[in-house]
DNA sequence: CTAATAGTGTCTTTGAGACAGTATACT
DNA sequence: AGTATACTGTCTCAAAGACACTATTAG
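Dropping the structure here:
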């Protein structure tokens with residue numbers, strides 16, 4: 001019976017400079033030495049797949065609260081890794097804005113890069129990681145519609161405008177601030193007011209919210225045909 | 001570096017007797033000899049994961065056109081298989097009603113069973129297959145809302161009433177025939193009229209349709225609060 | 001004061017859900 | 001005729017999109 005190597009690879013997304021960005025590492029060793037790749041690594045002998053994903057995430061980022069991690073898909077085409085028959089379980093992580101990442105032991109460097117650079121083909125990744133990244137981005141875009149997941153990109157307390165900025169960055173187009181405000185504040189369980197206000201943006205102070213307990217947005221926020 | 005066994009397991013769903021049913025096999029050899037399990041098997045040395053899933057599907061069913069196969073999730077908890085560290089990639093298949101299945105080489109028998117028997121705990125499966133089945137059922141239920149996937153359960157040509165029967169069987173409740181008819185026929189690209197009619201159900205003959213080219217239903221068909 | 005952002009209200013359109021009513025078959 | 005199913009139309013209500021207007025800060 002054939003034996004396989006099993007790895008986890010991570011699509012770690014965040015919002016920086018109002019753009020959706022992905023965490024990539026520079027490969028320190030062959031194959032693809034010097035190329036960019038998704039962070040990842042081998043699953044341990046007695047390690048659960050999800051535990052391996054959390055471990056890799058912790059190695060690359062100063063991980064804290066508010067992280068969302070979910071399984072994306074599994075890729076196992078013969079020949080996808082020249083070192084041997086390898087199946088990789090890809091995970092999607094959404095994290096709040098944070099300081100610069102630290103390179104793990106197998107990486108020469110780690111950096112945030114705008115996803116549009118990959119979508120436009122200006123940057124590419126090692127192995128089949130371009131495909132994995134594309135699947136992760138699509139999953140994130142789709143999930144914002146019907147889940148309160150956008151809050152995973154936010155600090156613990158945030159304003160409606162910040163939340164709207166997340167949607168705009170992920171979907172790549174503007175939303176009407178007034179309709180968005182009505183939509184998210186009237187959706188029971190999505191947001192919890194904290195009572196505090198924030199005055200960061202130079203206008204009238206905004207109410208601060210925490211994530212609510214809701215886990216499915218019904219009706220969803222549609223990305224299709226907004227201004 | 002730890003080596004793993006990699007398998008594929010299949011959640012094969014169909015509609016029989018107006019109920020959602022799943023294909024299960026009786027295990028011929030240990031472990032769990034004599035128990036019911038999802039069909040599946042080891043991935044070959046030079047075999048793609050999806051190819052392995054198609055191969056297993058063909059071994060159990062007389063598979064034809066109109067099958068939908070998609071990756072569900074991957075399960076790799078240590079200890080989930082007593083034979084060794086095994087990661088399984090689960091796939092969801094939706095097939096039209098067909099004759100009785102044939103047992104594969106590793107199975108003593110193969111049979112369709114109503115999913116409600118598993119959901120109610122009247123039947124259970126070997127390994128962690130109950131969990132995999134639950135995930136597959138939930139995926140199927142969710143996908144009917146926003147994709148034209150229900151047609152995968154239908155023969156090549158079908159009536160609106162047959163299609164409605166699919167939704168009712170999968171979701172487990174009735175839908176208003178008139179609103180359903182309006183919804184699916186007005187949704188451009190969902191259904192293609194064939195010009196032919198069918199007179200199977202004892203009333204006015206119904207228009208026959210083929211699957212259209214649409215791949216995302218917008219707006220979706222909601223399962224939430226229908227009669 | 002102006003500029004900027006936060007938040008409310010109102011109008012129009014779309015579509016879901018409820019259900020009356022018409023069409024065309026079988027017995 | 002009566003019954004069953006197919007299909008169309010109409011009413012009401014909820015929510016999206018567009019956008020006028022008010023509120024509260026900084027400078």
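Chains as they are written, first to last, in the UniProt record's numbering: chain A, 1 to 227; chain B, 1 to 227.
Glycine residues also receive a C-beta, built at the ideal position from the N, C-alpha and C atoms.
Quick caveat: nothing in here was measured; it's all calculated off a predicted structure.
Along the region 48-64 of chain A, the positions whose C-beta sits under 8 Å from a C-beta of chain B are 48, 49, read in chain order. Taking the beta carbon of residue 29(B) as reference, no residue of chain A falls within 7 Å; the closest one sits roughly 14 Å away. For residue 157(B), no CB of chain A lies under 7 Å from its own CB, so it is not counted at the interface with that chain. In its chain, beyond the 5 residues on either side, 93, 94, 149, 152 have a beta carbon closer than 7 Å to the beta carbon of residue 68(A). Within chain A, the residues placing a beta-carbon under 8 Å from that of residue 76(B) are 6, 43, 48, 49, 89, ordered along the chain.
When DSSP states are grouped into helix, strand and coil, residue 174(B) belongs to the coil group. Across the structure, residue 200(B) and residue 174(A) are spaced so that their CA atoms are roughly 51 Å apart. By a beta-carbon distance limit of 8 Å, residue 56(B) contacts residue 8(B). Their separation comes to about 6 Å. Put simply, the region 117-135 of chain B does not touch the region 159-167 of chain B. Fewer than three CB pairs are less than 8 Å apart. Residue 101(A) sits close to residue 23(A), with the two beta carbons spaced by under 7 Å. When DSSP states are grouped into helix, strand and coil, residue 115(B) belongs to the helix group. Within chain A, the residues 71 have their CB atoms less than 7 Å from the CB of residue 73(B), given in chain order. For residue 98(A), no chain B residue has a Cβ inside 8 Å of its Cβ, as the nearest lies near 28 Å away. Contacts with chain B at 7 Å (Cβ-Cβ) include residue 3(A). For residue 141(B), there is no enclosing beta strand (DSSP E); the enclosing alpha helix (DSSP H) covers residues 129-146. The count of Cβ pairs closer than 8 Å, one atom from the region 178-190 of chain A and one from the region 127-144 of chain A, stays below three, leaving the stretches out of contact. Runs of the beta strand (DSSP E) lying entirely within the region 145-170 of chain A and spanning at least 3 residues: none are present.
Counting other Cβ atoms within 10 Å of its Cβ, residue 81(B) reaches 16 or more and is therefore classed as buried. The region 21-35 of chain B makes contact with the region 97-116 of chain B, as at least three CB pairs between them are under 8 Å. Bounds of the beta strand (DSSP E) holding residue 210(A) are 206-211. When DSSP assignments are scanned along the UniProt domain "Nudix hydrolase" (3-139) of chain A, the uninterrupted stretches of beta strand (DSSP E) that are 3 or more residues long and fall wholly within it turn out to be 5-16, 19-27, 40-42, 68-75, 86-94, 107-114. Listed in chain order, the non-local C-beta contacts of residue 183(B) below 8 Å within the same chain comprise 221, local neighbours out to five positions each way being set aside. Between the C-alpha atoms of residue 2(A) and residue 29(A) there is a straight-line separation of about 26 Å. The Cβ-Cβ distance between residue 5(B) and residue 76(B) does not fall below 7 Å. Here DSSP, grouped into helix, strand and coil, assigns residue 196(A) to strand.
Listed in chain order, the non-local C-beta contacts of residue 214(B) below 8 Å within the same chain comprise 148, 187, 188, 189, 190, local neighbours out to five positions each way being set aside. A residue is called buried when at least 16 other Cβ atoms come within 10 angstroms of its Cβ; residue 59(B) meets this threshold and is buried.
Around the beta carbon of residue 79(B), a 10 Å sphere encloses fewer than 16 other beta carbons of the protein chains shown; the residue is thus reported as exposed. Residue 97(A) counts as exposed, since fewer than 16 other beta carbons sit within 10 angstroms of its beta carbon. As the crow flies, the alpha-carbon of residue 91(A) is around 29 Å from that of residue 180(A). Beta-bridge pairing by DSSP links residue 191(B) to 211(B). Contact residues of the region 180-196 of chain A toward chain B are absent (C-beta to C-beta distance below 9 Å).
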